[in-house]
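Protein chains: 2
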Amino acid sequence: MSTLIVVGSLGLDTLETPFDRAERVLGGSAAYFALAAKLYTDVGIVAVVGDDFPEAHVDLLAGKGIDLSGLQREPGETFFWAGRYHYDMNARDTLETRLGVFADFRPTLPDSYRDAPYVFLANILPSLQISVQEQVRRPRLVVLDSMNLWIETQKDRLIEAMRRSNVMTINDEEARQYAGTFSLRAAARTIMEQGPRAVIIKKGEHGVILISEQGVFGAPALLLEDVKDPTGAGDSFAGGFLGYLSETGDTSFTGVKRALIHGTAVASFTVEALGAERLATLTREEVEARYSEFIEFTSFEAASISAAVG
Amino acid sequence: MSTLIVVGSLGLDTLETPFDRAERVLGGSAAYFALAAKLYTDVGIVAVVGDDFPEAHVDLLAGKGIDLSGLQREPGETFFWAGRYHYDMNARDTLETRLGVFADFRPTLPDSYRDAPYVFLANILPSLQISVQEQVRRPRLVVLDSMNLWIETQKDRLIEAMRRSNVMTINDEEARQYAGTFSLRAAARTIMEQGPRAVIIKKGEHGVILISEQGVFGAPALLLEDVKDPTGAGDSFAGGFLGYLSETGDTSFTGVKRALIHGTAVASFTVEALGAERLATLTREEVEARYSEFIEFTSFEAASISAAVG
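One line per chain: the protein sequences are X and W, in this order.
At position 177 of the first sequence the residue is numbered 217 (my numbering), and the sequence of numbers has no breaks.
At position 222 of the second sequence the residue is numbered 262 (my numbering), and the sequence of numbers has no breaks.
This is the structure in structure tokens:
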């Protein structure tokens, strides 16, 4: 039995940055999430791939001990995405999207997944997220991710998915769009009226904000020397976050805050290399070191360091 | 003698936001800076106004105890700026700028300013910043602010001003522009090669980053219920920052970090009302309360709060 399950995409990505390029590498929200979460806990994937999905990618995931019993294989092409990042890593262009077998994806949970206490519904069609919510029996924590496309085209279904979720993750612009307000506090309240008891607002290189019934919490992103490729940052953040929560079982406000910093630490590695390359070799010890680095990066009431700047 | 002096603009601002409008209100970097810094220490202004500058604005500043012996009054029009903010408060349009007497501004420091240990060079023409650097005798800390316009048109003079400064404040996009790199760490190093021993990168609603020889520090902005008008946020941040440093004299890494949070706290009030309205009534006690709020907003290793989110 997996402690944590994720439903999302598994895909092949062709990535272009000003510095680098990679063709048909392992991608998709479920891949990034599971690689991150597996640093903490047992995780099972619910996703679909076509018959062109390289066995090497399956081996990588299986070799990590990620449960693939919910992986469906269908005749046809695997979900494909090609994107280009600019010098300003905050903007990207989608060059091509081919849904392939993902177009007819109907998530079916193996029985061994249905008692999973922790569930991540990555950013896919809300009706598919709902179908997973209907299949899990008594989850302790359901985290929902979504995006502008579903806010614009599937708002009713999205709200239904929100009603059955405990935590929602969403980026700042999309939270504002959903609620029709510039105030992130007000936007989070609007989201929480639908069901979630906490909202995690993702701001990319600017960090994350947690707004919950217990209070608010802000965490900057770590200041990296270089960002090579932001692909997968949000999903590996979610993987570190939910992985840590599943491991500790501590869903107190403080526990959730610590989990957010774990997510931040994991995501900081993801963006330092192309695709899921870095995530594939990442160790828990490296994440812990970066967690400590984060504490140092944000502490200001520690003992005085006497070196002068003046 | 003033402990802290600021050279910058005093002006009249006409401000439009989606919610509000104000005509010819007190504006300018020196006004925002001084009102903020005066919460902590004695501050003197070096600036110029025309004969249309309302006596009420002078009275407000003088009534706070701000030293105006460096305020020059010239025949002609006061610097005027009209700007419009959009629903997205991160973007603004300049509708009109009239330099007026500011076009011929030659900062002249009264003798009582020349021994000031703390100096803020607000964002004006680099040659004017240099002229102030030449007039102060033995400052302990000189903080320089600048912007894209001077990077593009006055880079040599700007570098000369940087050579004579201890700390530079600059926004994230401008730091990247100055150094020609996306990496803020690398950009800060490029700036520090010219003289400053620390760089404060301002990210507006996303907070600030400090990069110094002693280390790096990141602070999110406080999560406000509503942002009414971002005008003056950067200058009142600088005022809180340098005001606190002048008061404590603690320029250790920890002292500088605390000063940054004071700047953050002061700026958070500024943006909650139109123009300098809120700053004009702000008390030190209110700032201290928000400093405590900031600690709570960013702490994650405190004792566990057991209320569950799940």
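Beta carbons: idealized from backbone N, C-alpha and C, even for Gly.
Model, not experiment: these values are computed from the prediction.
{"Item": "Enclosing alpha helix (DSSP H) for I231 of chain X [first to last residue]", "Value": "L224 to M232"}
{"Item": "Contact with chain X by E200 of chain W, beta-carbon distance below 7 Å", "Value": "no"}
{"Item": "Per-residue DSSP class, three states only, for E95 of chain W", "Value": "helix"}
{"Item": "Alpha carbon of G295 of chain W to alpha carbon of V47 of chain W, nearest angstrom", "Value": "24 Å"}
{"Item": "Member of W:L108, W:G274, W:L79 and W:K243 whose CA lies at the smallest distance from the CA of L261 of chain X", "Value": "A small correction: the amino acid at residue 261 of chain X is Ala; Leu does not occupy that position in the sequence shown. Minimum Cα distance to A261 of chain X is reached at W:K243."}
{"Item": "Reduced DSSP secondary structure (H/G/I, E/B, other) of I241 of chain X", "Value": "strand"}
{"Item": "Boundaries (first-last residue) of the alpha helix (DSSP H) holding Q175 of chain X", "Value": "P166 to Q175"}
{"Item": "Beta-ladder partner(s) of M208 of chain X, from DSSP", "Value": "X:L184 and X:V239"}
{"Item": "Nonlocal neighbours in the same chain, by C-beta distance under 8 Å from H302 of chain W, ignoring five residues either side", "Value": "Y80, G280, F281, G283, Y284, V327 and Y331"}
{"Item": "Backbone CA spacing between T43 of chain X and R177 of chain X [nearest angstrom]", "Value": "13 Å"}
{"Item": "L108 of chain W (DSSP reduced to helix, strand or coil)", "Value": "strand"}
{"Item": "Same chain, Cβ closer than 6 Å to R132 of chain X, five either side skipped, listed in chain order", "Value": "G123 and Y125"}
{"Item": "C-alpha distance - L272 of chain X paired with A316 of chain W, whole-angstrom precision", "Value": "In the sequence as presented, Leu is not what sits at residue 272 of chain X; that position holds Gly. Answer to the nearest angstrom: the Cα atoms are 42 Å apart."}
{"Item": "Pick from X:I199, X:S49 and X:A307 that is closest to W121 of chain X, judged by C-alpha positions", "Value": "X:S49"}
{"Item": "Near-chain X residues of the region 123 to 142 of chain W - C-beta to any C-beta below 9 Å", "Value": "Y127, D128 and M129"}
{"Item": "Proximity test, Cβ basis, 7 Å: L55 of chain W and chain X", "Value": "no"}
{"Item": "Extent of the continuous beta strand (DSSP E) run through A259 of chain W", "Value": "G255 to A259"}
{"Item": "Proximity test, N163 of chain W beta-carbon vs the ligand MN heavy atom, cut-off 6 Å", "Value": "As far as ligands go, the structure on display features none, and thus does not contain the ligand MN."}
{"Item": "Beta-carbon proximity list for E117 of chain X, same chain, < 7 Å, skipping 5 on both sides", "Value": "G90, D92, R138, G140 and V141"}
{"Item": "is_contact[L44 of chain X, chain W] using C-beta, thresh 7 Å", "Value": "no"}
{"Item": "Contact with chain W by H302 of chain X, beta-carbon distance below 7 Å", "Value": "no"}
{"Item": "Distance between beta carbons of N163 of chain W and D185 of chain W, contact taken as under 8 Å", "Value": "4 Å"}
{"Item": "Partner residues on chain X for K243 of chain W, Cβ-Cβ distance less than 7 Å", "Value": "H246"}
{"Item": "Cβ neighbours of I251 of chain X in the same chain (closer than 6 Å, five flanking residues each side left out)", "Value": "A228 and V239"}
{"Item": "Reduced DSSP secondary structure (H/G/I, E/B, other) of Y127 of chain X", "Value": "coil"}
{"Item": "Counterpart residues of I191 of chain X in DSSP-defined beta bridges", "Value": "I191 of chain X pairs with nothing; no bridge assigned."}
{"Item": "Cβ distance (whole Å) where L149 of chain W is taken to contact G105 of chain W below 8 Å", "Value": "L149 of chain W to G105 of chain W, Cβ: 19 Å. No contact."}
{"Item": "Own chain, CB closer than 6 Å to E63 of chain X, minus 5 neighbours either side, in chain order", "Value": "T54"}
{"Item": "Straight-line Cα distance separating N211 of chain X from T300 of chain W", "Value": "Before going on, a small fix: residue 300 of chain W reads as Leu here, not Thr. Cα to Cα, L300 of chain W sits roughly 26 Å from N211 of chain X."}
{"Item": "Short CB-CB distance (under 7 Å) between F337 of chain X and chain W", "Value": "yes"}
{"Item": "Within the region 263 to 319 of chain W, ranges of the alpha helix (DSSP H) (whole runs, at least 4 residues)", "Value": "273 to 288 and 293 to 310"}
{"Item": "Spatial distance of D99 of chain X from L224 of chain X (CA atoms)", "Value": "42 Å"}
{"Item": "Any C-beta of chain X under 7 Å from that of G258 of chain W", "Value": "yes"}
{"Item": "Nearest-angstrom Cα separation, counted from P115 of chain W out to G103 of chain W", "Value": "24 Å"}
{"Item": "C-beta neighbour in chain W for E326 of chain X, strict 7 Å", "Value": "no"}
{"Item": "Closer than 7 Å to chain W by CB, F309 of chain X", "Value": "no"}
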